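Notes for the one structure printed next.
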Amino acid sequence: MSKRDFYEVLGVGRDATEREIKKAYKRLAMKYHPDRNQGDANAAEQFKEVKTAYEVLTDPQKKAAYDQYGHAAFEQGGMGGGGGFGGGADFGDIFGDVFGDIFGGGGRRQQQRQQRGADLRYNMELTLEEAVRGCSKEIRVPTLVACDTCDGSGAKKGSSATTCGTCHGQGQVQMRQGFFAVQQTCPHCNGRGKIIKDPCGTCHGHGRKEETKTLSVKIPAGVDTGDRIRLSGEGEAGEFGAPAGDLYVQVHVAEHHIFERDGNNLYCEVPVSFTMAALGGEVEVPTLDGRVNLKVPSETQTGRMFRMRGKGVKSVRGGATGDLICKLVVETPVSLSSRQKELLQELEDSFGGKAASKHKPKSEGFFNGVKKFFDDLTG
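So the sequence shown is residues 1 to 379, counted in full-length UniProt numbering.
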């Protein structure tokens, strides 16, 4: 038996999931398979090493022993003797589990996954207020439920399904071609492993029927667009009494006419008159908890941001509540009377002369920069 670290053999980390381990095994097994490397003893040895590593790391009991004791866990009859793994395994079963999608099989594990009811998705649109505060929503979901006439068996009341004589209840038939073991769905029972000779009159032998379920969904406070809420067992019923799938409620938060959400923070634009921006004052600002007053300092420029701490959103994942960030926008007056225009002109004239830069620091800086830019070009 190889003494190389099994995780190193498969090229995965020690925290790799079973799916990642299977993916790595599939890639390496295809690379070193004897049928692709005929006469190459080194490839055959590497293939055996990869297969052994896969067998250990996908068996929870063996993996736990290996993680704690390493190769010593399988020496001197460890894990039940006989080297603990490898020698007695039927390669056809392992090969079918990992490569079933290629050869149309999939072994017993894939058959069980197929029997489980399908997962469903429901797209739910929420207002910002509903998403921030949480709420309960009633939804109607068309799905497949277990037939109540036959209790999901598919067989007529008083009768039962019989074991398929072709696959002997396995749902799969196996054909061997040299080293390969190719598994296919049994053509007689369509992978069910059982034959219903006297089907139920309500579901016609399917064990399921169409129905629209009404469900109450509790939306936790703080959800955001892209979040999913899983309702376990509320998907489609499984075939012939198998477990039901899950229902995933996909959340989408509609645009708000005042606020824009970014993570846990809320943003909004607050228009103020240029008089208030120049002289200062207070302006009423909306929050999700009600109105608050924002103090505007004198000589405030348009675009200035003001942060109101704790007035944002508390994430569904916990942590501190976000902030409300207000962007002040100085509003230009419209529909002016003749007298108002005269007053504005008088104000503008009062800014003239040598004191202009004192009253308009940004304009002065901008035009000085423009002049320097063109001077540099001509120079």
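Don't be surprised by glycine CBs; every beta carbon is placed ideally from N, CA and C.
From a predicted model like this one, the values you see are computed outputs, not experimental measurements.
Taking the DSSP output, what are the residues bridged to residue i?
i	result
Val141	Lys213
Ala155	Pro199
residue 381	The chain is shown only over 1 to 379; residue 381 falls outside these bounds and no answer can be derived.
Cys189	According to DSSP, Cys189 bridges with nothing at all.
Leu377	DSSP lists no partner for Leu377.
Gly281	Val296
Should residue i and residue j be called a contact, given that it needs their Cβ atoms to be closer than 9 Å?
i	j	result
Val249	Val270	no
Ala118	Gly245	yes
Pro25	Tyr69	Note on identity: in this sequence residue 25 is Tyr, with Pro being the wrong assignment. For Tyr25 and Tyr69, no; Cβs fall outside 9 Å.
Val316	Val296	no
Ala155	Ile196	yes
Gly305	Val292	Rather than Gly, the amino acid found at residue 305 in this sequence is Met. No, Cβ-Cβ distance for Met305 and Val292 is not below 9 Å.
Under the rule that 16 or more other beta-carbon atoms within 10 Å means buried, what is residue i, buried or exposed?
i	result
Phe240	buried
Ala237	buried
Gln345	exposed
Gly84	Caution is warranted here: a pLDDT of 42 is assigned to Gly84, below 50, making its placement in the model unreliable, and the coordinate value is therefore given only provisionally. Buried, because 16 or more other Cβ atoms sit within 10 Å of the Cβ of Gly84.
Gly96	Any answer about Gly96 is weak, because its pLDDT of 39 lies below 50 and its placement is not dependable; what the coordinates show is given next. Gly96 comes out buried.
Leu247	buried
Thr17	exposed
Glu331	exposed
Gly81	For Gly81, the predicted model reports a pLDDT of 39, less than 50, meaning its position is unreliable and no value from the coordinates is stated.
Looking only at C-alpha atoms, which of the options sits nearest to residue i?
i	options	result
Pro333	Arg19, Gly352, Ala254, Ala277	Ala277
Cys326	Arg230, Leu279, Gly312	Gly312
Val329	Ser350, Leu347, Val285, Arg339	Val285
Gly201	Lys314, Ser159, Ile258, Ile139	Ser159
Arg4	Tyr32, Gln115, Ala64, Ala72	Ala72
Thr143	Tyr122, Lys22, Asn37	Tyr122
Thr212	Ser350, Leu294, Ala146, His252	Ala146
His252	Gly263, Asp224, Thr275	Asp224
Gly310	Gln301, Glu299, Gly322, Thr302	Gly322
Gln301	Gln184, Asn265, Leu279, Asn368	Leu279
Tyr66	Arg116, Met124, Tyr7	Tyr7
Arg230	Cys150, Met124, Asp262	Met124
With a threshold of 9 Å between beta carbons, is residue i in contact with chain D?
i	result
Asp59	Reference to chain D is not applicable here, since this structure consists of a single protein chain.
Just to check my reading of the structure: residue i and residue j have Cβ atoms closer than 8 Å, yes? What is that Cβ distance to the nearest angstrom?
i	j	result
Lys137	Val217	5 Å
Ala242	Val132	No, Ala242 and Val132 are not in contact; Cβ-Cβ is about 39 Å, not under 8 Å.
Thr163	Gly193	7 Å
Leu377	Phe259	In fact, because the Cβ distance is near 45 Å, the residues do not count as touching under 8 Å.
Ala43	Tyr32	5 Å
Gln172	Cys186	6 Å
Phe47	Ala29	7 Å
Leu120	Gly303	The pair is not a contact, with the Cβ atoms about 47 Å apart (cut-off 8 Å).
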